[in-house]
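Encoded as structure tokens, the structure appears first; notes follow it.
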Amino acid sequence: MRIVFMGTPDFAVQSLNALVEAGHDVAAVITQPDRPKGRGNKLAFPEVKIRALELNLPVHQPASVKDEAFLELLQGYQPDVIVVVAYGRILPQAVLELPEYGCINVHGSLLPAYRGAAPIQRAVLDGCKESGVTIMQMDTGMDTGDMLLQGSLPITDEDNTGTMFDKLAVLGGRLLVETLEGLQQGTIQPQKQNEAEATHAARILKEDEVIDWNRPAQTIFCQIRGLAPAPGAYTLWNDQRLKIWKSRVNSKETGKAPGTVVEIGKDYLMVQTGEGCLEILELQPAGKKAMPAKAFCNGTGVETGVQFGEIHG
């Protein structure tokens, strides 16, 4: 197939690779404009642009997808299908209707669950035991189009958003190639989504990052994993943010107030929560690198009875 590929972050790179490896004619790559990044605010290429240039593919970074110039650009490439993977913009009807096979989207959830901007993060945050990828025929709604193919993967206690992004990106690339083959052969039949089962995956907000020790240990455990490797879940300690990167649940009840450090172990420090305890294994004080709990305790002298989450005058 002759394809125009639209995508921006790392998650989309695997799909682009899969299309090229499968022998499809990727006529052009559309990605977001370069953005300032890092402390120096230097312009940085999107990950998809980096990979496209490595593959010697034409790259376009339009400021708008709604003007006539963009539509004319796409028409010039005469694509059989437009593949969209985490591009980051809503496409107008004229673009959706342009190719013979329409616009195909690779979405990181088992639709109709987790429509929206942060499906992978929200699945981990919510403690789901599985996630997946849906290849979808795009329409003008937010992830509401007909489903073409799905695949699922388990979410283990060792997984976080970063590991699930990597696994689902690979799965998405494989399913995308299978979908295009099925469309060409007429073996894939679009299926309507069940609107009654639809849920929304809202963007991660600043308030999602704050640990509330009154919540159950299992809930906080999922929060920490859902926000790793970025932006990270944090609590307050000595009036500064203390990010927590790795933890495990302990069902022990101590009778102490939630947020209290109740035990210092060989490789952890244990905090009472609203239900059970949380053993913190890796954390990061403000202005420092992430470190094992043992190194943190040795370096700061933290003892049992310390209260996390409080602001001191």
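With positions in the sequence shown counted from 1, the corresponding number in the numbering used here is that position plus 296. Ideal Cβ placement from N, Cα and C applies to all residues, glycine included.
Member of 476, 363 and 463 whose CA lies at the smallest distance from the CA of residue 316: 476
Residues near residue 379 by beta carbon distance below 6 Å, same chain, minus five either side: 299, 301 and 400
Report the rounded CA-to-CA distance for residue 322 versus residue 314, giving the unit in angstroms. 11 Å
Quick one: any contact between the segment 516-531 and the segment 465-475, if contact means 3 or more CB pairs under 8 Å? no
Please determine if the segment 537-545 and the segment 565-581 are in contact, where contact requires at least 3 C-beta pairs separated by less than 8 Å. yes
How long is the line joining the alpha carbons of residue 503 and residue 297, rounded to whole angstroms? 44 Å
Figure out for me which residue from 561, 412, 491 and 324 has the closest Cα to the Cα of residue 374. 324
Name the residue from 439, 404, 330 and 371 whose alpha carbon lies nearest to the alpha carbon of residue 393. 371
From what residue to what residue does the alpha helix (DSSP H) around residue 397 run? First-last for residue 397: undefined, no H or E at that position.
Compare the beta carbon distance of residue 600 and residue 558 with 8 Å and say whether it is the shorter of the two. yes
Length at least 4, wholly inside the segment 482-523: the alpha helix (DSSP H) runs in chain order: 513-522
Which residues share a DSSP beta bridge with residue 588? 578
Alpha helix (DSSP H) runs contained entirely in the segment 322-397, provided each spans 4 or more residues: 343-350, 364-373 and 389-392
Selection from 584, 566, 590 and 591 that minimises the alpha carbon distance to residue 603: 566
Run through the DSSP bridge pairs and tell me what residue 527 is partnered with. DSSP lists no partner for residue 527.
When you compare only the Cα positions, how much space is there between residue 390 and residue 443? 21 Å
Could you name the residues that DSSP lists as bridge partners for residue 445? 431
Minimum C-alpha distance to residue 489 - residue among 335, 440, 423 and 349: 440
Could you tell me the boundaries of the alpha helix (DSSP H) in which residue 313 lies? 306-317
Three-state secondary structure (DSSP) of residue 554: coil
Integer-rounded CB distance, given that residue 423 should sit under 8 Å from residue 518: 4 Å
Given a threshold of 16 other Cβ atoms within 10 Å of its Cβ, counted over all protein chains shown, does residue 546 qualify as buried or as exposed? buried
Rounded to whole angstroms, what's the CA-CA distance from residue 507 to residue 499? Just pull it up for me. 17 Å
Determine whether the beta carbon atoms of residue 303 and residue 311 lie at a separation below 8 Å. yes
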